[in-house]
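Protein sequences appear in the order of chains A and B. In case it helps, the working numbering puts the first sequence at residues 12 to 121. In case it helps, the working numbering puts the second sequence at residues 234 to 347. We put the beta carbon where it would ideally sit given N, CA and C, even for glycine. Please read all numbers here as calculations on a predicted model, not as lab measurements.
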Amino acid sequence: QKEVEQNSGPLSVPEGAIASLNCTYSDRGSQSFFWYRQYSGKSPELIMSIYSNGDKEDGRFTAQLNKASQYVSLLIRDSQPSDSATYLCAPCDSWGKLQFGAGTQVVVTP
Amino acid sequence: DGGITQSPKYLFRKEGQNVTLSCEQNLNHDAMYWYRQDPGQGLRLIYYSQIVNDFQKGDIAEGYSVSREKKESFPLTVTSAQKNPTAFYLCASSPDRGLNTEAFFGQGTRLTVV
């Protein structure tokens, strides 16, 4: 059974601070990795993709990938109240299909 | 506007009824998916289709059926055999037959059994 593990949270982050979200996956054949943001009652929206080991930055978001450790993370810098949401980690498995974690709830406090 | 359209947004089903959820995309994507999300839980894959006239069961296909007669459309029927159908249903699509690529989601259908 392929597994994607995330801390469920809630992760409470002061406004302006850095939110750090972690994800581990079991399928060593995973090649592509995605982060989705889901507001309460809404559908997930893609915010980051990463394919190679290392860091990838896009605005206030940085994704980090370490395939040897089967670990992918998302950093949110200068956290804003609008960042309060659930963040879903989604690696593609060995067959190239998306697998979703249960998500980490982030709460940004003023 | 390119995107994925799910309808209806809210749906109420009586015990023993079959209901069909609509999903249409105009992104010219090959792959389409149906997920179910229960409160506080992650997405679970019901069915997926990588090409027209072909589809595969996901992790929780029992009590559901699909068809893929057109590239743009992937309707999901929740049958009376599905004993606990109340959930948030999400349709998604991907390019490149959905291999190692991201999925884009519709706005979802919230199904409630009354």
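Cross-chain neighbours of residue i in chain B, by beta carbon under 7 Å
| i | result |
| --- | --- |
| A/S93 | None at all; the shortest Cβ gap to chain B is about 19 Å. |
| A/G114 | G275 |
Inter-residue spacing [alpha-carbon to alpha-carbon] between residue i and residue j
| i | j | result |
| --- | --- | --- |
| A/S90 | B/K242 | 31 Å |
| A/W46 | B/K290 | 24 Å |
| A/L32 | A/L109 | 19 Å |
| B/Y266 | B/C324 | 6 Å |
| B/R269 | A/T73 | 29 Å |
| A/S84 | B/D271 | 24 Å |
| B/D287 | B/R301 | 7 Å |
| B/H262 | B/Y281 | 13 Å |
| B/I279 | B/C256 | 14 Å |
| A/P25 | B/S240 | 38 Å |
| B/A314 | A/G20 | 34 Å |
| B/S298 | B/K316 | 14 Å |
| A/S60 | B/G296 | 33 Å |
| A/E68 | B/Q283 | 31 Å |
| A/I5 | B/Q274 | No answer is possible for residue 5 of chain A: it lies beyond the span of chain A, which begins at 12 and ends at 121. |
| B/I293 | B/A320 | 13 Å |
CB-CB length for residue i against residue j, believed under 8 Å
| i | j | result |
| --- | --- | --- |
| B/L344 | B/P318 | 6 Å |
| A/T35 | A/E16 | 5 Å |
| A/A96 | A/Q49 | 6 Å |
| B/Y322 | B/L254 | 6 Å |
| A/S41 | A/D104 | 6 Å |
| A/Q75 | A/S37 | The pair is not a contact, with the Cβ atoms about 18 Å apart (cut-off 8 Å). |
Strand pairing of residue i, partner residues [DSSP]
| i | result |
| --- | --- |
| B/V346 | B/R246 |
| A/P25 | A/T120 |
| A/G70 | In DSSP, A/G70 forms no bridge with anything. |
| B/R330 | Per DSSP, none; premise fails for B/R330. |
| B/E257 | B/T238, B/S306 |
| B/S282 | B/M265 |
| A/I61 | A/F44 |
| A/S31 | A/L86 |
Cross-chain neighbours of residue i in chain A, by beta carbon under 8 Å
| i | result |
| --- | --- |
| B/N333 | Q42, S43, C103, G107 |
Within chain A, the residues that residue i reaches when beta carbons sit closer than 7 Å
| i | result |
| --- | --- |
| B/L323 | S54 |
| B/G341 | S54 |
Partner residues on chain B for residue i, Cβ-Cβ distance less than 9 Å
| i | result |
| --- | --- |
| A/L57 | E335, A336, F337, F338 |
9 Å Cβ cut-off: residues of chain A touching residue i
| i | result |
| --- | --- |
| B/G296 | Under the 9 Å cutoff, chain A gives no residues; its nearest Cβ is about 21 Å from B/G296. |
Partners in chain B for residue i, counting only beta-carbon separations shorter than 8 Å
| i | result |
| --- | --- |
| A/S60 | E335 |
Contact with chain E by residue i, beta-carbon distance below 9 Å
| i | result |
| --- | --- |
| A/W106 | Looking for chain E here will not work: the only protein chains present are A and B. |
Could you name the residues of the region 99-111 of chain A whose beta carbon sits closer than 9 Å to any beta carbon of chain B, in the order they occur along the chain?
L99, A101, C103, W106, G107, K108, L109, Q110, F111
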